[in-house]
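Enquirer: Here you go, one structure.
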Amino acid sequence: MTSVISALGTLGSIGGIGGLPKLPSLKPADAQGGSFGAVLSTALEKVNELEDGANQQVGTLLKGGNADMSTVMIAVEKADVAFQMMMQVRNKIVNAYQDIEKLQF
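If you read the sequence shown in this note's numbering, its first letter stands for residue 37, the second for the next number, and so on.
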């Protein structure tokens, strides 16, 4: 996995298992007091945390530590789902930008 960060929408519900942080619920920017960029930045940081946690658990398992295989697999899958979600959000943002770019004023 690459060190890329993000997670929006339902990813908040997959945190909290296996000692990984629970993602914050993403409310409109006005409710959080931040901008769209700040919300995306926070989500990206949370995906990075999921990835780092999964990498640490895999490393512990490979070194013969007392990591449970099912916990490690859950952490890896959570990081993978978060990354896939981030890629879908990125694709939607790029598509929206391209649509706006095509508009004639």
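Glycine residues also receive a C-beta, built at the ideal position from the N, C-alpha and C atoms.
The alpha helix (DSSP H) spanning Gln140 covers which residue range?
Expert: Run containing Gln140: none; DSSP gives neither H nor E here.
Enquirer: Is the beta carbon of Leu97 closer than 8 Å to that of Ala118?
Expert: no
Enquirer: Quick one: residues in its chain with C-beta nearer than 7 Å to the C-beta of Gly95, no 5 flanking neighbours on either side, listed in chain order?
Expert: none
Enquirer: Tell me whether Ala74 is buried or exposed, calling it buried when 16 or more other Cβ atoms sit within 10 Å of its Cβ.
Expert: That one is exposed.
Enquirer: Please determine, among Glu81, Glu113, Phe141, Thr78, the residue with the shortest C-alpha to C-alpha distance to Gln93.
Expert: Glu113
Enquirer: Take the Cβ of Met105 as the centre, count every other Cβ of all protein chains shown within 10 Å, and call the residue buried at 16 or more, exposed below.
Expert: exposed
Enquirer: Check for me: the alpha helix (DSSP H) holding Asn84 runs from which residue to which?
Expert: 72-98
Enquirer: Express the C-alpha separation of Met123 and Val130 in angstroms, rounding to a whole number.
Expert: Rounded to whole angstroms, Val130 to Met123 spans 10 Å at the Cα level.
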